[in-house]
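There are 2 protein chains.
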Amino acid sequence: MKPKLSVVKIGGNIIENESALCDFLTDFAAMEGYKILVHGGGRTATRIAEQLGVPAQMVGGRRITTRETLDVIVMVYGGLTNKNIVSLLQSLDCNAIGLSGADGNTIVSDKRPVKDIDYGYAGDIKQVNAHAVKALLESNMTPVFCAITHDKRGQLFNTNADTIASEVAIAMSEHFETSLYYCFEKKGVLRSIEDDNSVIEHINTEKYEQLLAENIIADGMLPKMHNCFNALQQHVSKVHIGLPGMIVGKERLFTTLTL
Amino acid sequence: MKPKLSVVKIGGNIIENESALCDFLTDFAAMEGYKILVHGGGRTATRIAEQLGVPAQMVGGRRITTRETLDVIVMVYGGLTNKNIVSLLQSLDCNAIGLSGADGNTIVSDKRPVKDIDYGYAGDIKQVNAHAVKALLESNMTPVFCAITHDKRGQLFNTNADTIASEVAIAMSEHFETSLYYCFEKKGVLRSIEDDNSVIEHINTEKYEQLLAENIIADGMLPKMHNCFNALQQHVSKVHIGLPGMIVGKERLFTTLTL
Chain S
1 MKPKLSVVKI GGNIIENESA LCDFLTDFAA MEGYKILVHG GGRTATRIAE
51 QLGVPAQMVG GRRITTRETL DVIVMVYGGL TNKNIVSLLQ SLDCNAIGLS
101 GADGNTIVSD KRPVKDIDYG YAGDIKQVNA HAVKALLESN MTPVFCAITH
151 DKRGQLFNTN ADTIASEVAI AMSEHFETSL YYCFEKKGVL RSIEDDNSVI
201 EHINTEKYEQ LLAENIIADG MLPKMHNCFN ALQQHVSKVH IGLPGMIVGK
251 ERLFTTLTL
Chain L
1001 MKPKLSVVKI GGNIIENESA LCDFLTDFAA MEGYKILVHG GGRTATRIAE
1051 QLGVPAQMVG GRRITTRETL DVIVMVYGGL TNKNIVSLLQ SLDCNAIGLS
1101 GADGNTIVSD KRPVKDIDYG YAGDIKQVNA HAVKALLESN MTPVFCAITH
1151 DKRGQLFNTN ADTIASEVAI AMSEHFETSL YYCFEKKGVL RSIEDDNSVI
1201 EHINTEKYEQ LLAENIIADG MLPKMHNCFN ALQQHVSKVH IGLPGMIVGK
1251 ERLFTTLTL
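Shown next as structure tokens:
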């Protein structure tokens, strides 16, 4: 039987709130078994970019990663946020090791192809080096990934943290029975966006298609759900979406997705 | 017989110069055997601090690491500089992994004790976790340390890169036959500061005491030499001081220190 592994993704809303972050990290440190954390960015990068006079470039509502923006992202996600999370986890006796995809060549990307829009230094994941990540886990270390990857040719890329989480979970499924957790500010996938307690507790492929047909899944949730079912189709055992406390059973209400 | 390990420290002058950095990293990638890189900071942190309106606090000519300064250092050394070096080494087929002392709990420090001056968030190294660093080396990874450590209680510290290099070399000497290289902008320890070619090629303890008595060793070299002999007294095999090219034998003139 394969050993169990939990891949946990936390978003910017948790990272930016000091007390929410401490609560979450305490729970994460207490999680049993092998585990991996993936963290998104948050508003600090936007604030630092403004202070440094780096303009936000948007095309069609989408953010473009210019060279200057990438430098800020590498500073904030890869430096400030990642190292602070690692040092807090260490204080909680979780042997964290902070990583970008360049570190140990763990995540290789290609620059997102230019069709209508050139997204700049945005990377689409090509390969996760499961062997390197497994070596760290087996050395009793807990990888903490920021949302940065590289192309193995000397270029770093800004990369979506939700996608990093699902691609890492998929790659690790060869060696581990892997569960994927998306922690965010809602209790789960909601039937009605106005009712925080309208959590759909279980979604399988059939239910997913039904919800899509009914237009129940809202805009922001669409790419997240796509990542989830992509992971399930590639041997990730289970995906959970909900409040951070779900990772240690503090929350009874959350969404579980299976094939 | 113990396997060989090289610990190489590069200073800010090399990091700030794109072409010098590329030359150095090409040489470092080509070095055979186990190796570890330690990099200092450079002027980027000062520039970013100025742009962010973080004032440089000096007391008695010494820089004080305030909370705001520490954040900039963690962003620049731990993020921008470290990840760029790692991704460049990866492009040269060196399987680099970037680390602060918090990552894998590799380097634990205490806040520098307050005597006359409170240096703020400056850490004095207490322990290097040789076991963790060895695990990375044996997983075919090349650790790249920035000049940041932690106290295992959730606090990061700014820490002297020369000292990180010597303390890492000392700790690894239990498991490896360790050589320590200090790369800087001079060809070695100079007999006359005005003559770049007046390199003293070999310094042992007796010669060191003689040079100290003659006041030949200049101000900036004093703490570096102290680190060197401290390392030699604690089982580091050899220490070399000189231009970066010495690490692959491109430079024939450099200073070698032995007990």
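Chains S and L supply the protein sequences, listed in that same order.
Just so we're aligned, residue 1 is where the first sequence starts under this note's numbering, counting upward by one.
Just so we're aligned, residue 1001 is where the second sequence starts under this note's numbering, counting upward by one.
Quick reminder that beta carbons are idealized off the backbone N, C-alpha and C, glycines included.
{"Check": "Close beta carbons around S:K126, own chain, < 7 Å, minus the five adjacent residues each side", "Outcome": "V108, S109 and D110"}
{"Check": "Cβ-based burial, S:L259 [other Cβ within 10 Å; buried from 16]", "Outcome": "exposed"}
{"Check": "Option nearest L:L1021 by Cα separation, candidates L:A1122, L:Y1182, L:T1142 and L:P1244", "Outcome": "L:P1244"}
{"Check": "At least three beta-carbon pairs within less than 8 Å, the region 1020 to 1038 of chain L to the region 1092 to 1101 of chain L", "Outcome": "yes"}
{"Check": "Within the region 10 to 69 of chain S, ranges of the alpha helix (DSSP H) (whole runs, at least 4 residues)", "Outcome": "12 to 15, 18 to 30 and 44 to 51"}
{"Check": "Outcome for L:D1195 when other beta-carbon atoms lying within 10 angstroms are tallied against a minimum of 16", "Outcome": "exposed"}
{"Check": "C-alpha gap between S:I164 and L:A1029, whole angstroms", "Outcome": "28 Å"}
{"Check": "Length at least 3, wholly inside the region 1180 to 1250 of chain L: the beta strand (DSSP E) runs in chain order", "Outcome": "1238 to 1242"}
{"Check": "Contacts of S:V86 in chain L (Cβ-Cβ under 7 Å)", "Outcome": "A1102 and D1103"}
{"Check": "Where L:L1212 falls, given that 16 or more other Cβ within 10 Å makes a residue buried", "Outcome": "exposed"}
{"Check": "From S:S166, S:N140 and S:T69, residue whose alpha carbon lies closest to that of S:A122", "Outcome": "S:T69"}
{"Check": "Expected contact under 8 Å - CB spacing of S:Y182 and S:K250 to nearest Å", "Outcome": "So it is not a contact: roughly 16 Å between Cβ atoms."}
{"Check": "Closest Cα partner of S:A96 within the set L:D1124, L:A1132, L:T1066 and L:N1084", "Outcome": "L:A1132"}
{"Check": "Rounded separation between S:T255 and S:K4 - CA only", "Outcome": "20 Å"}
{"Check": "Residue-level contact to chain L via CB, S:R62, 9 Å cutoff", "Outcome": "no"}
{"Check": "Cβ separation of L:S1100 and L:C1146, assumed to be a contact under 8 Å, to the nearest whole Å", "Outcome": "6 Å"}
{"Check": "Unbroken alpha helix (DSSP H) run spanning L:A1161, endpoints", "Outcome": "A1161 to M1172"}
{"Check": "Any chain S beta carbon closer than 9 Å to L:K1004", "Outcome": "no"}
{"Check": "Burial state of S:G33, where buried means 16 or more other Cβ atoms lie within 10 Å", "Outcome": "exposed"}
{"Check": "Of the residues L:V1008, L:K1002 and L:M1001, the one placed nearest L:I1241, counting alpha carbons only", "Outcome": "L:V1008"}
{"Check": "S:D71 to S:P113 span [Cα, whole Å]", "Outcome": "21 Å"}
{"Check": "Segment limits, alpha helix (DSSP H) that includes L:A1122", "Outcome": "No alpha helix (DSSP H) holds L:A1122; DSSP gives it neither H nor E."}
{"Check": "Own chain residues within Cβ distance below 7 Å of L:G1060, not counting five before or after", "Outcome": "I1117"}
{"Check": "Within 9 Å, strictly: CB atoms of S:T142 and S:L37", "Outcome": "yes"}
{"Check": "L:G1079 at chain S interface by Cβ criterion, 9 Å", "Outcome": "yes"}
{"Check": "C-alpha gap between L:E1185 and L:G1041, whole angstroms", "Outcome": "15 Å"}
{"Check": "Cβ shell of S:S58 (< 8 Å), same chain only, five flanking positions each side left out", "Outcome": "According to the sequence provided, residue 58 of chain S is Met. The question's Ser does not apply to it. Excluding sequence neighbours, S:M58 sits near I64."}
{"Check": "Exposure of L:S1019, with buried meaning 16 or more beta-carbon neighbours within 10 Å", "Outcome": "exposed"}
{"Check": "Nonlocal neighbours in the same chain, by C-beta distance under 6 Å from L:G1011, ignoring five residues either side", "Outcome": "G1040 and F1184"}
{"Check": "Where the alpha helix (DSSP H) through L:S1087 begins and ends", "Outcome": "N1082 to S1091"}
{"Check": "Spatially closest choice to L:K1238 from L:T1178, L:G1220 and L:I1217, by CA coordinates", "Outcome": "L:T1178"}
{"Check": "Span of the beta strand (DSSP E) around L:A1096", "Outcome": "A1096 to L1099"}
{"Check": "Chain-ordered neighbours of L:N1158 on chain S, where CB pairs are closer than 7 Å", "Outcome": "Under the 7 Å cutoff, chain S gives no residues; its nearest Cβ is about 12 Å from L:N1158."}
{"Check": "Within chain S, the residues that L:D1071 reaches when beta carbons sit closer than 7 Å", "Outcome": "L80"}
{"Check": "Start-to-end residues for the beta strand (DSSP E) that takes in L:K1111", "Outcome": "I1107 to K1111"}
{"Check": "S:V74 (DSSP reduced to helix, strand or coil)", "Outcome": "helix"}
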